[in-house]
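Input: a single structure, listed below in structure tokens.
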Amino acid sequence: MGGAAWRQSRKLWSRAVGDARGERRRRLRTGRLRRGGERKRMKRLSIPGLRNAGRGRARSLLLALALSATASAAMAQQPVIDFRPPDIAAAKVCADRKSNDALELQWSNWDGRQLPSGVEYRDLDRELMRLRNIDADKYFDTVKSAYDLRRQEDPYYSRAAYLLDVVALYVEAERFDELKATGFVMELETIGPSATPGTINFLADLYLEGKAVPQDIDRGIQRKLQAAYNGDPDAVLFLAEKTSKGEDVPGWDMDPQLAFTLGFSSLLGNLDNAICGRVRRIARAFESGEVIAQDHALAEAWYRFAADLGDDQSAWQTARYHLSGEGIEKDNTTLLRYLQQAFDADIVPAKVQMAKLYEEGDLVPPDLGRAMAIYDDLAADGEPVGYERAIQLLARRGLDTPQDRQKYEDMLEALTKLPDAPGWAFSRLGVLTQEENGLWTDQEASRRLFEAAAERGDGEGKLHLARLYLRDGDAQDHQKAIAILEDLISTEAKAGAIDALRNALLCTAPDGPQIAEWARWKSLENEDWWRLFEDVTEAKLTDKADAFADLQASAIGGSMKDAGGVAAILTELEPARVDDIIEHWRALVRDHDGGEASVLEGAYNAVDTDARREKIRSALQQLADGGDIAAMAALAEIYMNEDDAASLKKATDLVEGAGGRMKGSVLWHLDDAYREAGKGRYQPPETLLNEIAAFGDFQALLFAADRVKSDERRAFYYDRAELIMPCDIDALGVKAGYALDAGRPDTADEALTVALALSPEEGWQQVKLGDIYLTLGSIADREAAFKLYTEAYEQGYRPAAWRLLDWYSDPGSRFYQEDDHVKLLTELLNSAEPDELYSIASRLKKAPDSVRAKISQVFDMKDAYRQAAGAGNPVAMRELAKLLRDGASVESEKSEASDWLEKAAKAGDAEAMLMLAQAYAFGVGVEHSADKAREWLKAAATAGDETAANLLSGLETN
């Protein structure tokens, strides 16, 4: 360090420890006085490495410490400071005696005639400063009167100290014109050399900021220098900050590391009840890293030091550090200790965090009741976060009882009445209103709520409002909806907005589909990602990692269909981990209606054992018992697939128990199940039809329209269905099918016009649209379907090939082309999986002789079956045995045929069992054995072969 800097540092420290104590003398004097004359001494802090061995020794020791820190730390962009808390016994000197509410109540009731009795002046200073910080303008007269009274009765409260406090009050209240009229600032200036360093620093701030005096940067800097050289820590730190940023301050050459160290030392001061505010300032400096090098470990140490002195805000900051572990070694014991301190002091974020621990069962036993009680207490105190967390916890637990649902609604309503209520609260309340009353009742109430949410910038509220405009509005509302949706897509990439915009531009456009306008947005359309993973393998998942990431993001974002898709894909890949997969994804989508049921249903469809299926069914049943409509729908689908009267009754009970909120697709499936069971069509009870009118989705409303008797009611349900129809190929297909059954071919054509405007490009879309055209039945429609199937097959979408094979089953059809038939069958045979080969070969057997002849020249069926049999496919084993036996010219081929037949039978193929029984009965290719013949005949019958069952029955009768 240069000589000038050395002399300056000695001068600074001399004043900091000695002469600069002028400002603190007033605090010390007033601190020793209680109103009534009682004296109380204050403890001087002992900084590590220092002892109270006299001012001179303390000065030299601290300067040596500062110089050592300077020498040992390399300069970075911000100075590196090693300044640690002093080693003292903890004493609760900072504990607040009153909450802000209690403080405001006390001073609001103060008569203003005399100061409160029994209050030390230092505590009075603190309370008045707190009032000033809470609302200086509101409490201006109260605080000013208290200062005036103190000036009258406290002989140690100098005019300069009074002016400093009162001017600070005017500045905090931003009453600058009134302050100028008082002349107090000029009076402070006239005090001159006798002013304390704190007063000079305060004046410097006024000049630098231009408050109550004309802004004068040079004069402000000069005052800062004067205050700093007289030991004011704020001034020292101000100048240290400027020079640490590379700014040149004439008259100030001190090294920033030394300046910060001395400034913090002086700032620390005495062990009084205001020390914790000063300690927090030091901690924040280390935490932020804005003016000195960031050091989280030191920041945590200073917060913990303040907490041990009784500062509850610092206790929360300490706990926060041990929650995040940022820059420190986490310690759960420390975390719980200081979190409890902050919790007991009613620090709001600490109470929220404690409740979260109870919610999650981290570090404390899980206790959702305790967590809810904490949130309820916060809400009772008017804290918005209390309402917000209680609402979220209620949703997470599930609104299983009327009491929970009522509390959820009450909490939402209370939250919406608070100042600055979040927009999402209005959105959820609007959705709740629709759920309780249906889409068609009290529409104005839900509309007002969604408008309030949209005004507050809530994306969900905007989306719901746009949907209302599209459903119920006029042409002007339609344009408003489009503007809202385009903004949501552009600024928030809001899930669901692109679907709603597609609906606005194609399905509900007043002047017909706006195809050109939709083309601008089509590239952003969500794909049906789950379709990309049919017959998924790990290699396929790796190849489509981005698509799978999109699928997961869509699921988390609220697409329950995609949530089921993710669960199915992961379960299919790792069935042994199905429990972990279900638990993880149920937690992720729990807050979305139907989320858990979608995950369970997806996993159910992918698991590989009855035991696992039964476990998932039990979980669905538990949700269904709690009123989860999606779980009831999933269970109904499962029961419908069981193909017995008892299961069909259970499915019916679930459908009717769910009422009008049951998915419409399930109603149509139930109708199919009734017909397949020979019970005729399903006719819902009148109560269910009425509930569908209020709560039903698109397909449910169409189902009701198909079941009511009068034309008026049929039109009522159909019109409502049209208003809420999703704008996708599936819905358009349902609409077209319904229109055909109802004798409305024009409506079906309109649905197809919109479907074409969707411009399907994926194979599955083309097949779906082809199916719709095929249903319409005209020659033109069949030509369109054939073209779509062909395009899908050329893209490599394999299900399209089966559609085309159906077309080629009739050589007399106008669409039949023999060369195309040969090409299709040859390609399918060459690419067939072992379990597909027999099905394709069966189609080949039904083909014209000319087609079979051409294929036999290029494809060896026996060799294909041999490969499939070698891969373990029992049907291929059986069919290979047939080919070998029918064409056997040598004994070895007959023997090989028998071997494959036995392998097929042992692999569980019922037809092979019957054939093997016949072989043993007649000694064909095997040694005759009546016992083995009966054994395999019985096995075939047990496996479900009707011919074997009849033969066995006849043998037993005889």
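Just so you know, the sequence shown maps onto residues 0 to 957 in numbering that gives the first Met the number 0.
We put the beta carbon where it would ideally sit given N, CA and C, even for glycine.
Every value quoted in this text rests on a predicted model; they were computed, and no experiment measured them.
For this session: Specify the secondary structure class of L803 as computed by DSSP and reduced to three states.
Result: Residue mapping note: residue 803 aligns to position 804 of the sequence shown, counting from 1. L803 sits in a helix when the DSSP states are folded into three classes.
For this session: For V654, collect the residues of the same chain with a Cβ closer than 7 angstroms to its Cβ; drop the 5 residues on either side in sequence, then sort them by chain order.
Result: Here residue 654 refers to the residue found at position 655 when the sequence shown is read from its first residue. Cβ within range, chain order: A635, M661, V665, L666 and L669.
For this session: State the Cα-Cα distance for the pair G381 and T752, rounded to the nearest angstrom.
Result: In the sequence shown, residue 381 corresponds to position 382, counting from 1. In the sequence shown, residue 752 corresponds to position 753, counting from 1. Straight through space, the alpha carbons of T752 and G381 are spaced by roughly 55 angstroms.
Exercise. Are there three or more Cβ pairs, one per stretch, closer than 8 angstroms when the stretch 562–570 is compared with the stretch 587–604?
Worked result: Cβ pair count under 8 angstroms is three or more, so yes.
Exercise. Could you give the residue range of the alpha helix (DSSP H) that holds F449?
Worked result: For the purposes of this step, residue 449 is identified with residue 450 of the sequence shown, where counting begins at 1. Element bounds for F449: Q442 to E454.
Exercise. Which residue's Cα is closest to the Cα of L879: A846, L836, Y919 and A918?
Worked result: To locate residue 879, count along the sequence shown from 1; it is residue 880. Selection A846, L836, Y919 and A918 evaluated against L879 yields L836 as nearest (Cα-Cα).
Exercise. Pick from Q866, K844 and D818: whose alpha carbon is nearest that of S830?
Worked result: Taking the first residue of the sequence shown as 1, we reach residue 830 at position 831. Measuring from the Cα of S830, the nearest candidate turns out to be Q866.
Exercise. When burial is assigned at 16 or more other CB atoms within 10 Å of the CB, is K778 buried or exposed?
Worked result: Translated into the one-based positions of the sequence shown, residue 778 becomes position 779. First, the amino acid is wrong: residue 778 is Ile here, not Lys. Exposed: under 16 other Cβ atoms inside 10 Å.
Exercise. Using a Cβ-Cβ cut-off of 8 angstroms (strictly less than) and excluding sequence neighbours within five positions of G36, which residues of its own chain qualify?
Worked result: By one-based count along the sequence shown, residue 36 stands at place 37. Note that G36 scores a pLDDT of 36, beneath 50, so its modelled location is shaky; the value from the coordinates is reported in the next line. Cβ neighbours of G36 beyond the five flanking positions: none.
Exercise. So, is L61 buried or exposed, given that buried needs 16 or more other C-beta atoms within 10 angstroms?
Worked result: Here residue 61 refers to the residue found at position 62 of the sequence shown. With a pLDDT of only 34 at L61, under 50, the local geometry of the prediction cannot be trusted, and the value read off the model is given with reservation. With 16 or more other Cβ atoms from the protein chains shown falling within 10 Å of its own Cβ, L61 counts as buried.
For this session: Take the Cβ of Q352 as the centre, count every other Cβ of all protein chains shown within 10 Å, and call the residue buried at 16 or more, exposed below.
Result: Here residue 352 refers to the residue found at position 353 when the sequence shown is read from its first residue. Buried, since its Cβ has 16 or more Cβ neighbours within 10 Å.
Problem set entry | Rounded C-alpha distance that separates D627 from Q621 | Your numbering for residue 627 matches position 628 in the sequence shown. Your numbering for residue 621 matches position 622 in the sequence shown. The C-alpha of Q621 is placed about 9 angstroms away from the C-alpha of D627.
Exercise. With contact counted as at least three CB pairs below 8 angstroms, one residue from each stretch, are the stretch 845–859 and the stretch 815–829 in contact?
Worked result: Touching, per the Cβ criterion.
Exercise. Is the Cβ-Cβ distance between I199 and A167 less than 7 angstroms?
Worked result: Residue mapping note: residue 199 aligns to position 200 of the sequence shown, counting from 1. Residue mapping note: residue 167 aligns to position 168 of the sequence shown, counting from 1. No. Outside cutoff.
Exercise. Cα separation between E468 and Q402?
Worked result: In the sequence shown, the residue the question calls residue 468 occupies position 469. In the sequence shown, the residue the question calls residue 402 occupies position 403. For the sequence presented, residue 468 should be read as Tyr rather than Glu. Straight-line Cα distance between these residues: approximately 33 angstroms.
For this session: For I373, name the three-state secondary structure that DSSP assigns.
Result: Along the sequence shown, read from residue 1 onward, the residue named residue 373 stands at position 374. DSSP places I373 within a helical segment (H, G or I) once states are collapsed to three.
Problem set entry | DSSP-derived helix/strand/coil call for K137 | As a first step, residue 137 is located in the sequence shown; it is residue number 138 there, counting from the start. Three-state DSSP puts K137 in coil, outside helix and strand.
For this session: Decide if L523 is buried, meaning its Cβ has at least 16 other Cβ atoms within 10 Å, or exposed.
Result: On the sequence shown, residue 523 is found 524 positions in, with the first residue counted as 1. L523 is exposed by the Cβ-count criterion.
Exercise. Thinking C-alpha only, which one of S891, D441, A596 and I497 is nearest D471?
Worked result: By one-based count along the sequence shown, residue 471 stands at place 472. Distances from the alpha-carbon of D471 to those of S891, D441, A596 and I497 put D441 closest.
Problem set entry | Enclosing alpha helix (DSSP H) for M185 [first to last residue] | Residue mapping note: residue 185 aligns to position 186 of the sequence shown, counting from 1. Counted as a single uninterrupted DSSP element, the alpha helix (DSSP H) harbouring M185 occupies residues F183 to I190.
Problem set entry | Boundaries of the alpha helix (DSSP H) in which Y155 is found, first to last residue | Along the sequence shown, one-based indexing puts residue 155 at 156. Counting along the chain, no alpha helix (DSSP H) covers Y155, and no H or E run does either.
For this session: Determine the DSSP secondary structure at P683, reduced to helix, strand or coil.
Result: Counting from 1 along the sequence shown, the entry for residue 683 is found at position 684. Three-state DSSP puts P683 in coil, outside helix and strand.
Exercise. In three-state DSSP terms, what is C275?
Worked result: One-based indexing of the sequence shown puts residue 275 at position 276. Note: C275 maps to helix in three-state DSSP.
Exercise. Any heavy atom of the ligand HEM within a distance shorter than 6 angstroms of the CB on L622?
Worked result: With respect to the ligand HEM, the structure shown offers nothing to examine, as it has no ligands at all.
Exercise. How is V118 classed by DSSP in three states: helix, strand or coil?
Worked result: Translated into the one-based positions of the sequence shown, residue 118 becomes position 119. Assigned with DSSP and collapsed to three states, V118 falls in coil, not helix or strand.
For this session: Report, in whole angstroms, the separation of the C-beta atoms of L266 and P232, which I expect to be a contact under 8 angstroms.
Result: By 1-based counting over the sequence shown, the position of residue 266 is 267. By 1-based counting over the sequence shown, the position of residue 232 is 233. Cβ-Cβ separation between L266 and P232: approximately 4 angstroms, consistent with a contact (criterion under 8 angstroms).
Problem set entry | G219 versus A451: straight-line alpha-carbon distance, rounded | Indexing the sequence shown from 1 puts residue 219 at position 220. Indexing the sequence shown from 1 puts residue 451 at position 452. So the alpha carbons of these two residues sit roughly 48 angstroms apart.
Exercise. Relative to the C-alpha of E103, which residue among V142, P84 and D86 is closest?
Worked result: Here residue 103 refers to the residue found at position 104 when the sequence shown is read from its first residue. Of the candidates V142, P84 and D86, V142 places its Cα closest to the Cα of E103.
For this session: Please report the residue range of the alpha helix (DSSP H) in which Q225 lies.
Result: Translated into positions along the sequence shown, residue 225 becomes position 226. First-last of the alpha helix (DSSP H) with Q225: I216 to Y228.
For this session: Give the range of the alpha helix (DSSP H) segment to which D204 is assigned.
Result: Here residue 204 refers to the residue found at position 205 when the sequence shown is read from its first residue. That run of the alpha helix (DSSP H) goes P196 to E208.
Exercise. Looking at C-alpha atoms only, which residue of Q316, E328, L484 and R616 is the closest neighbour of L338?
Worked result: Here residue 338 is taken as the residue at index 339 of the sequence shown, counted from 1. The option with the nearest alpha carbon to L338 is Q316.
Exercise. Where does K678 fall in DSSP's three states?
Worked result: Along the sequence shown, one-based indexing puts residue 678 at 679. Correct three-state label for K678: coil.
Problem set entry | 7 angstroms Cβ shell around R388 - same chain, five flanking residues per side excluded | Position 389 of the sequence shown, counted from the start, is the residue given in the question as residue 388. Excluding residues within five positions, the ones whose Cβ falls inside 7 angstroms are V351, A354 and Y374.
Exercise. In or out: E571 buried (at least 16 other Cβ within 10 Å) or exposed?
Worked result: The sequence position of residue 571 within the sequence shown is 572, counting from 1. Buried is the call here.
Problem set entry | Nearest-angstrom Cα separation, counted from T651 out to A676 | Within the sequence shown, numbered from 1, the residue matching residue 676 stands at position 677. Within the sequence shown, numbered from 1, the residue matching residue 651 stands at position 652. Going by the C-alpha atoms only, they are around 13 angstroms apart.
Exercise. From R396 to H591, what does the alpha carbon distance come to, in whole angstroms?
Worked result: Within the sequence shown, residue 396 is the residue found at index 397, counting from 1. Within the sequence shown, residue 591 is the residue found at index 592, counting from 1. Rounded to the nearest angstrom, the gap between the Cα atoms of R396 and H591 is 12 angstroms.
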